[in-house]
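Using my numbering, the letters of the sequence shown correspond one by one to residues 14 to 155. Structure, as structure tokens:
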Amino acid sequence: MRVIWTAVANPLSSKDKQMKSPLFLVDVPGLGMQPFKISLFPFISVLDVPGKQQKGTACFKKAKGRGRAELKCEATLDNVPKLSVQFGIGDQEASDWVTHDFGVQSTCSLGKPGEVWDFKSAVKKNDKNVFTVYAVIRVEQE
14 MRVIWTAVAN PLSSKDKQMK SPLFLVDVPG LGMQPFKISL FPFISVLDVP GKQQKGTACF
74 KKAKGRGRAE LKCEATLDNV PKLSVQFGIG DQEASDWVTH DFGVQSTCSL GKPGEVWDFK
134 SAVKKNDKNV FTVYAVIRVE QE
């Protein structure tokens with residue numbers, strides 16, 4: 014399943030600390046349609062903010078539109094098959110596949126650990142100041 018979220022880019026230049034997609038449903042085998050959201054968070058390296066700790070300093074404006082992404086299941090799931098997720102923005106190269114058990118933890122970081130995405134570079138200024146975020150979700154075959 015491929016989920017596409019067309020996000021408004023204005024928060025990328027603001028003091029917002031997160032962006033959330035609208036709720037979407039994923040058909041999880043044996044459990045039916047389950048609610049999920051994609052969240053984007055700003056990321057600032059400690060090296061970018063001399064003399065400050067990373068915690069509490071991040072907003073999209075300070076992060077220059079860069080950040081990380083997470084996929085969250087909004088329902089509590091038990092005995093769920095592992096899902097594999099691939100994430101991307103705009104026409105940039107997609108992340109590696111990440112396999113996650115949403116029955117153990119409801120949130121999955123998308124991309125490699127520590128991977129930072131340049132959301133601002135995906136903004137289509139000629140197209141109403143928006144950018145596309147997508148996730149491809151599939152059941153992990155064991």
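Virtual Cβ for every residue (Gly too), placed ideally from N, Cα, C.
{"query": "I102 burial status per 10 Å Cβ neighbour count (16 or more: buried)", "result": "buried"}
{"query": "Alpha carbon of F73 to alpha carbon of R79, nearest angstrom", "result": "7 Å"}
{"query": "Spatial neighbours of Q31 in its chain, beta-carbon cut-off 6 Å, leaving aside the 5 residues before and after", "result": "S52 and F54"}
{"query": "Cβ-Cβ separation, N142 to N23 (assumed contact under 8 Å), whole Å", "result": "7 Å"}
{"query": "Bridge partners - W18, DSSP secondary structure assignment", "result": "V146"}
{"query": "Beta-carbon separation (whole angstroms), Q99 vs A135, contact threshold 8 Å", "result": "Not quite, the Cβ-Cβ distance comes to about 16 Å (not below 8 Å), so this is no contact."}
{"query": "6 Å Cβ shell around T13 - same chain, five flanking residues per side excluded", "result": "No statement about residue 13 is possible, as the shown extent of the chain runs from 14 to 155 and does not include it."}
{"query": "Selection from G45, A82 and A71 that minimises the alpha carbon distance to K125", "result": "A82"}
{"query": "Counted within 10 angstroms of its Cβ, other Cβ atoms place L36 as buried (16 or more) or exposed", "result": "exposed"}
{"query": "Beta-carbon gap between I150 and V21 smaller than 8 Å", "result": "no"}
{"query": "Supposed close pair L84, F49 - CB separation, criterion 8 Å", "result": "6 Å"}
{"query": "Contained beta strand (DSSP E) runs [length at least 3] in the segment 65 to 120, N- to C-terminal order", "result": "79 to 86, 96 to 102 and 111 to 113"}
{"query": "Euclidean distance between Cα positions of T89 and G116", "result": "7 Å"}
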